[in-house]
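In the working numbering, the protein residues as written are 195 to 420.
Built from N, CA and C at the ideal position, the CB exists for glycine as well.
All of these numbers come straight from a predicted model, not from anything done at the bench.
Below is one structure, written out as structure tokens, with a few remarks after it.
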Amino acid sequence: MEIQWRLWNKDWASSLRPWIPILLGLHLQFSRASNCPEECRCDRTFVYCNERSLTSVPFGIGEGYKTLYLHNNQINNAGFPLQLHHVASVETVYLYGNQLDEFPITCPKIGPEELRLDENRIAVIVEEAFRNVTRLERLLLDGNLLTDEGIAPGTFQDLVTLRELSLARNSLTYPPPFLPGEVLVKLNFQENQINNIPAGAFAGLHKLEKLDISSNQLQSLNAGGL
């Protein structure tokens with residue numbers, strides 16, 4: 195009986211050994227995301243702070259969280275804690291339907307793959323807004339107050355992983371110069387005030403599959419405009 199127990203114990207330990215790194219990884223992942231801001235609800239790597247009449251991003255969002263639901267609040271630019279800037283685990287940030295008037299430069303910088311800032315009051319995006327952003331694939335800025343002067347030249351050119359850029363329902367009169375061309379496939383300028391597309395505006399966008407410039411003020415297209 196004792197021999198059988200020893201053999202079973204040895205087999206059990208052998209079968210468990212390959213799972214130890216996986217179990218440790220899961221433990222570390224969820225322990226890192228264990229502190230949840232009291233204003234929010236957290237589930238695994240998701241933080242739900244949406245529709246809570248917040249005027250600032252709750253303090254305490256740390257490493258381990260991947261998706262931040264902050265939409266439909268009253269968050270303004272003064273309401274971004276500096277510590278959020280350094281949270282590298284975040285992959286998706288929903289900030290639509292708030293009261294931002296500038297691009298929030300303290301947004302998580304390294305990690306986000308999707309950033310939704312539509313339906314705010316953003317009128318200015320400074321040139322360094324996307325400095326050190328290395329993985330952004332989807333950027334939505336629809337329904338803001340952006341003009342030609344409000345977007346610094348070259349603002350988007352270093353977003354080499356960007357696949358979708360949407361600037362619908364703003365007040366642009368021409369497309370921003372120096373758009374990122376490496377992998378961009380969707381570009382949306384619907385419902386602006388675009389009346390001119392300069393020659394070469396979309397040069398280099400070799401992978402572009404969808405361009406929406408509907409509901410603008412274009413009367414004709416210059417040679418080389420598209």
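Query, Result
"Please say whether L340 and L366 have beta carbons closer to each other than 8 angstroms?", "yes"
"Distance, Cα to Cα, E296 vs R238?", "31 angstroms"
"Figure out for me which residue from P298, V379 and N244 has the closest Cα to the Cα of G273.", "P298"
"Considering N382, what are the terminal residues of the beta strand (DSSP E) in which it resides?", "K380 to N382"
"How is L278 classed by DSSP in three states: helix, strand or coil?", "helix"
"In terms of residue numbering, what span does the beta strand (DSSP E) encompassing L334 cover?", "R332 to L334"
"K260 lies in the beta strand (DSSP E); which residues open and close that run?", "Careful: K260 lies outside any beta strand (DSSP E) and carries neither H nor E."
"If you compare alpha carbons, which of E376, V379, S408 and K401 is closest to I388?", "S408"
"Pull up the distance between the alpha-carbon of R226 and that of K260, whole angstroms please.", "Bear in mind that a pLDDT of 45 at R226, under 50, signals an unreliable position, so the number given afterwards is only what the model happens to contain. Roughly 11 angstroms between the two C-alpha positions."
"According to DSSP, what are the bridge partners of V327?", "Note: V327 sits in no beta bridge, so no partner."
"Any idea if P369 is buried or exposed, counting beta-carbon neighbours within 10 angstroms, 16 or more meaning buried?", "buried"
"Helix, strand or coil for E358? Go by DSSP, reduced to three states.", "strand"
"Provide the residue span of the beta strand (DSSP E) that contains V251, from first to last.", "Taken as a continuous stretch (DSSP letters only), V251 belongs to no beta strand (DSSP E), as it is neither H nor E."
"How big is the Cα-Cα spacing for Q223 and A397?", "Because the pLDDT of Q223 is 47, which lies under 50, any placement of that residue in the model is unreliable, and the question is left without a value."
"Quick test of your reading: R315 and N338, contact by CB under 8 angstroms. State the CB separation rounded to the nearest angstrom.", "7 angstroms"
"Going straight from the alpha carbon of N244 to that of L289, what length do you get?", "9 angstroms"
"Hey, quick one: how far does the beta strand (DSSP E) through R238 stretch, first residue to last?", "Careful: R238 lies outside any beta strand (DSSP E) and carries neither H nor E."
"Under 6 angstroms Cβ to Cβ from N364, same chain only, skipping five residues before and after it: list those, please.", "N338, L340 and N386"
"Look at Q268 and Q293 and say whether their C-beta atoms are less than 8 angstroms apart.", "yes"
"Which same chain residues end up closer than 7 angstroms to D342 when comparing Cβ atoms and leaving out the 5 residues on each side of it in sequence?", "L366, T367 and Y368"
"Output the distance between the C-alpha atoms of A323 and T349, rounded to the nearest integer angstrom.", "7 angstroms"
"Pull the bridge partners of K404 from the DSSP assignment, please.", "K380"
"Can you tell me where the beta strand (DSSP E) holding E308 begins and where it ends?", "E308 to R310"
"Give the single residue among V379, H265 and P392 whose Cα lies nearest to the Cα of L402.", "V379"
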